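Chemist:
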Amino acid sequence: MPGQTYKLVLIGESGAGKTTCIASVSDIPPMSTDVPHIALRSSDKTTTTVAFDYGEMILDEDHRLLLYGLPGQSEFDFMFSVVQEGVLGVVVVVDALSDAPLRRLAGTLRRHAAPLQDTPLVVVINKASAAHSQLTVDVIEVLKREGLVGPVLSADLRERSSIAAVFHLITIIAEYRHG
Amino acid sequence: MAEVHATPYQASIPYFRRALEEITRGSDPVTFALLSHRDGRPITMCSAKDTTIPPAKLAAMTSAVAALSATILREVSQDQQAMTLIEGRSGLFLVMPVHGQAKTLLLGTHASRDTPWEDSSAALAWLQPKLR
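Residue numbers (my numbering), protein chains in the order written: chain A, 1 to 179; chain B, 1 to 132.
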């Protein structure tokens with residue numbers, strides 16, 4: 001298959017919108033490894049990703065994004081090493097509607113601390129409204145505390161334009177890092 | 001034997017434990033057997049030898065293997081997964097959906113090369129009587 005490909009990995013808490021993102025923007029039938037999840041709380045999702053989601057988004061006739069969505073549960077953190085090779089950047093997805101978005105973000109960043117130090121990252125606050133303006137400031141503080149630097153934006157990850165914007169930011173970071 | 005995490009099958013754990021003991025008992029080459037939910041949460045595990053792998057991590061890996069195997073079969077041939085057999089130089093790891101018509105649980109079993117599992121059908125024939 002011709003053209004340049006760019007690999008992005010989406011991480012974040014379970015339910016943040018990674019699977020939905022890939023299913024929404026993929027130009028190929030996405031691969032999903034969602035399985036039924038016996039909800040322990042009524043608010044819990046009924047499905048969960050147990051390996052990874054995969055989709056492709058065509059940027060133009062010469063460029064494609066390869067999108068990998070990893071499980072949010074900490075037991076599946078080993079999957080990052082499975083998909084890590086050749087990654088251009090990491091998209092950290094924050095669920096604005098989560099009951100503890102900052103705590104869960106910190107947990108995600110700590111569990112993947114080693115690879116995130118060396119990989120361009122963008123934090124996307126998903127499902128946000130005008131009421132979540134303070135959340136952006138708080139997310140930046142969490143990044144600082146974890147010793148990470150990266151742009152933070154609010155976006156609807158079901159929109160192709162959001163993924164395109166994220167990719168653009170990641171390429172800028174990557175170019176800056178490589179001088 | 002490890003027993004972790006809350007599960008809707010709490011009342012069935014003694015039955016599951018007896019089944020796993022049957023699988024790993026005696027001089028059989030089976031080194032451990034793990035029963036877990038399809039979503040990666042462990043229910044119970046039985047080891048014939050000491051194993052250092054945390055049950056939660058093992059259950060997650062088992063779940064990922066099962067899910068990817070099922071996805072490949074479904075996408076390439078609209079087939080349904082019966083089991084996944086991973087073959088190493090010194091041992092075998094078998095992942096099998098079990099329990100009821102919905103096959104809501106996964107049995108992950110590791111055995112040395114001494115096991116009479118020449119292929120997945122042989123493995124299933126060997127395991128099924130022990131699961132009744």
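All C-beta atoms, glycine included, are put in the ideal place defined by N, C-alpha and C.
Since we're looking at a predicted model, the values are computed, not measured.
(1) Spatial neighbours of Leu109 (chain A) within its chain, please: CB distance less than 8 Å, with the 5 preceding and 5 following residues excluded, ordered by chain position.
(2) Can you give the Cα-Cα distance for His112 (chain A) and Val139 (chain A), rounded to whole angstroms?
(3) If contact means a Cβ-Cβ distance below 9 Å, which residues of the stretch 44-57 of chain A contact chain B?
(4) For Ser47 (chain B), which option in B:Ser69, B:Leu85, B:Glu87, B:Arg17 has the closest C-alpha, if you only look at C-alpha atoms?
(5) For a contact defined as C-beta to C-beta under 7 Å, what are the partners of His37 (chain A) on chain B?
(6) Quick one: Cα of Arg25 (chain B) to Cα of Asp50 (chain B), how far?
(7) For chain B, find out if any of its Cβ atoms is closer than 8 Å to the Cβ of Glu13 (chain A); answer yes or no.
(8) With a threshold of 6 Å on Cβ separation, who are the neighbours of Ser42 (chain A) within its own chain once the five nearest residues in sequence on each side are excluded?
(9) Determine which residues of the stretch 56-77 of chain A have a Cβ less than 7 Å from any Cβ of chain B, and write them out in chain order.
(10) Alpha carbon to alpha carbon, what distance is there between Pro55 (chain B) and Met57 (chain A)?
(11) State the CB to CB distance for the pair Leu157 (chain A) and Asn126 (chain A), rounded to an integer number of angstroms; the pair is presumed to be in contact (CB under 8 Å).
(12) Between the Cα of Leu105 (chain A) and the Cα atoms of A:Val124, A:Ile170, A:Val87, A:Thr119, which residue gives the shortest distance?
(13) What does Thr71 (chain B) reach in chain A if we use C-beta pairs closer than 7 Å?
(14) So is Gly15 (chain A) buried or exposed if we call it buried at 16+ other beta carbons inside 10 Å?
(15) Mind reading off the beta-carbon distance from Leu65 (chain A) to Ile163 (chain A)? Whole number of angstroms is fine, and I expect it under 8 Å.
(16) Should Glu87 (chain A) and Val166 (chain A) be called a contact, given that it needs their Cβ atoms to be closer than 8 Å?
(17) What residues are listed by DSSP as bridge partners for Lys7 (chain A)?
(18) Three-state secondary structure (DSSP) at Ser42 (chain A)?
(19) Look at Val76 (chain B) and Thr84 (chain B) and say whether their C-beta atoms are less than 8 Å apart.
Modeler: The relevant details are as follows:
(1) Within the same chain, Leu109 (chain A) has close Cβ partners Val92, Leu116, Val142, Leu143, Glu146, Leu148.
(2) Their Cα atoms are separated by approximately 16 Å.
(3) Those would be Thr47, Thr48, Thr49, Val50, Ala51, Phe52, in chain order.
(4) Taking only the C-alpha atoms, the option nearest Ser47 (chain B) is B:Arg17.
(5) Listed by position along chain B, the residues whose Cβ is nearer than 7 Å to that of His37 (chain A) are Asp39.
(6) Distance between the alpha carbons of Arg25 (chain B) and Asp50 (chain B) is about 14 Å.
(7) Chain B contact via Cβ: absent.
(8) Low confidence applies to Ser42 (chain A): its pLDDT is 48, below 50, so where it sits in the model is not reliable enough to give any reading.
(9) Under the 7 Å Cβ criterion, the stretch 56-77 of chain A contributes Gln73, Glu75, Phe76.
(10) Straight across, the Cα-Cα distance linking Met57 (chain A) with Pro55 (chain B) is about 37 Å.
(11) Indeed they touch by this definition, with Cβ atoms about 5 Å apart.
(12) The shortest Cα separation from Leu105 (chain A) among A:Val124, A:Ile170, A:Val87, A:Thr119 belongs to A:Val124.
(13) One finds Met31, Thr33 in chain A with Cβ atoms closer than 7 Å to the Cβ of Thr71 (chain B), taken in chain order.
(14) Classification for Gly15 (chain A): buried.
(15) Confirmed, Cβ separation roughly 7 Å.
(16) Note that residue 87 (chain A) is Val in the sequence shown, not Glu. One thing to note: Val87 (chain A) has its Cβ no nearer than 8 Å to the Cβ of Val166 (chain A).
(17) For Lys7 (chain A), which the question treats as bridged, DSSP gives the partners A:Leu66, A:Val87.
(18) Its pLDDT being 48, under 50, Ser42 (chain A) is placed unreliably by the model, and the measurement read from it follows with that caveat. DSSP, reduced to helix, strand and coil, places Ser42 (chain A) outside both helices and strands of the structure shown, so it counts as coil.
(19) For Val76 (chain B) and Thr84 (chain B), no; Cβs fall outside 8 Å.
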